[in-house]
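Working notes for the structure below.
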């Protein structure tokens, strides 16, 4: 009986108190889980909102800078000005894209902040400070590209143009500066609507055209401030994104620099400039430029180093003793970018070397001295310089130099300049200590030295030579010379080219592990015809022999070559700088199918005959290769390429992405490096810079360094 009662007692279940406790525990757990879910959802929403703000800001900046690079293209200053209205929240500019001396529909563009908040996307967010940036392109019905509420297309939503918690616009979308850094915005309001802020006076814009006023805008800064569409759950504020872009439009400011220096009415910019030497410039600091001061603002290229007429240029770390180079650097091993230039035989210093003074710089806060650190002497024109370790058998790793040289119209050879690092003078090329001369000269007396390529043709661990020559009118050879590992060369064979070998570029074009080279040659007396070819290395089966792929007809005479992957494939492609007539030129893109067979995929017109070309990443936000060209129009041009373009003939943009039309001389050489960063720490400089070698007269020239200004920063 007792056993039965105990069993019945066990079946009575939970008491009310136990149930209440269980429910409380369950509620606490449920509330905690709900809180986690809410915070997670809020975090995701805030993350999406912040990403949206950043994307909006970048989209607007990209669109504005892309269009602004063409401002003033092709216009005649006597009849048209590049920028017609320049206000704090609005800009209108033109470009004569079809070159008919008339601003047609589609050739005038306005960007402005629209203060009308009636767009549905703006009304749907709780942010009452939401506005948008619009782009208006002129049409037959609106030739002025008038900014008006709701007109044009929206390039960015969520635009606030304010500092945090400010009640209205207080961050200018556009700021305009003279060459010395002085703001050009006046006190008058925008002529169309005062909501667009104060504006630059007509006289500063060069208006009215033809009355002698110069367009004085040298630098345009664009700042886009956006905010997320959702409040931060903790701070109850809208998170901001701000991107800033600085551009130096090629078609404005060139005359303005001289104009401002002549009237002397603007105060100098306070700060430290970046440059070399003391010459004419605007601002304070040490550098070179044009004007009456001693330097340029840090963001304002170019740095100018006067020298003799530059025929060739090479950037290399010569591994000098940094603590002994004369700069303020006390630590060795900086691995910075030194400059080598080759000049003509009539000069006094046919090979000149500038050591870079990173990171402490030279006195005056300059990267390079005004005068070369040392000179090399040669009785021949130095038409091309290549660098690499030529005497690896000695156990050293110091880079040496080889120069393609000319002694006459159809005669020349190449000189070898060995680095003296192995004998206790690192960074100094040649023999001797101060007045350096070449370590050796090699010639077959059968061709004028025009070009040079270094490659380990036999894969024995040292660099051999491919030497391009002119043997007669429209004829040339490629001489193959082997290296014994000590920098001493032996002639192996001559390869007959299709013409005068203007340029050589080394790469593995058929992906077999053996280095090949490409050539660009002149084939006609007219100077506007030529061919490109690829020479595939067959040394593995026939010592120092090469099989030619091509040649393929170019649009003109190839004057310069550069190599690198230019599409989404993995093969090395070829870029050529071409002369198509006495005063015209192009850049051509030859795409490689992986076997060394090339097809011209794209080309674009240049300012003039293209004398030099380089390939490398220039713009921000990607690592794809871009094209830089130096021309006979005293200009340097850059195209930001798109390797994933929908069509192969769209890889190179139809309009240049950046250029400077005031290099001061024929741009015979161009190079792409990070001048402001050590080779050991390239990430300390976001973008590559551009270094040019120019010929200003028959005897004088300059090294012109453009510190890359197209950097914008994201400030969350």
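Residue numbers (the numbering used here): 233 to 948.
In this text, a Cβ means the ideal position worked out from N, Cα and C, and glycines have one as well.
With a beta-carbon spacing of about 19 angstroms, residue 390 and residue 320 fall beyond the 8 angstroms limit used to define contacts. With respect to residue 648, residue 670 sits close: the two C-beta atoms are nearer than 8 angstroms. 8 angstroms or more divides the Cβ of residue 315 from the Cβ of residue 396. Beta-bridge partners assigned by DSSP to residue 738: 749.
Secondary structure of residue 642 (DSSP, three-state): coil. Judged by DSSP in its simplified three-state form, residue 653 adopts helix. Nearest in C-alpha terms to residue 702, of all of 696, 687, 619, 615, is 615.
Taking a C-beta distance under 8 angstroms as the contact criterion, residue 810 and residue 821 do not qualify as a contact pair. Counting only runs of 4 or more residues that sit fully inside the stretch 358-442, the alpha helix (DSSP H) segments are 434-437, in chain order. Between residue 736 and residue 793, the C-beta spacing is below 8 angstroms. Excluding five sequence positions before and after residue 452, the CB atoms of its chain that fall closer than 7 angstroms to its own CB belong to 300, 406, 408, 479, 481, given in chain order. Pairing residue 756 with residue 836, the inter-Cα distance amounts to about 22 angstroms. Nearest C-alpha to residue 801 among 930, 844, 877, 758: 877. Following the DSSP letters along the chain, one finds residue 907 in no alpha helix (DSSP H), marked with neither H nor E. For the set 902, 353, 541, the Cα lying nearest the Cα of residue 928 is the one of 541. Under the three-state reduction of DSSP output, residue 355 falls in the helix class.
Residue 337 is not a Cβ neighbour of residue 385, given a cutoff of 8 angstroms. In the structure shown, residue 287 falls within a helical segment according to DSSP collapsed to helix, strand and coil.
DSSP, reduced to helix, strand and coil, places residue 880 within a helical segment of the structure shown. With a cut-off of 8 angstroms on Cβ pairs, the stretch 415-428 is not in contact with the stretch 286-302, counting fewer than three such pairs. Note that the C-beta distance between residue 628 and residue 748 is not below 8 angstroms.
Under the three-state reduction of DSSP, residue 914 is assigned to helix. The residue from 310, 539, 330 with its alpha-carbon nearest to that of residue 438 is 310. Separation of residue 858 and residue 884 (C-alpha to C-alpha, rounded to the nearest whole angstrom) is 8 angstroms. In summary, residue 773 is exposed, with fewer than 16 beta-carbon neighbours lying within 10 Å of its beta-carbon over all protein chains present.
Around the CB of residue 637, 16 or more other CB atoms lie within 10 Å, so the residue is classed as buried.
Taking a cut-off of 8 angstroms for Cβ pairs, the stretch 356-363 and the stretch 322-329 do not touch, as fewer than three such pairs fall below it. With respect to the C-alpha of residue 717, the residue from 700, 691, 598, 813 having the closest C-alpha is 691.
Less than 8 angstroms divides the Cβ of residue 641 from the Cβ of residue 680.
The three-state secondary structure of residue 459, taken from DSSP, is strand. For residue 701, the enclosing beta strand (DSSP E) starts and ends at 696-702. A straight-line Cα-Cα distance of about 8 angstroms links residue 897 and residue 867.
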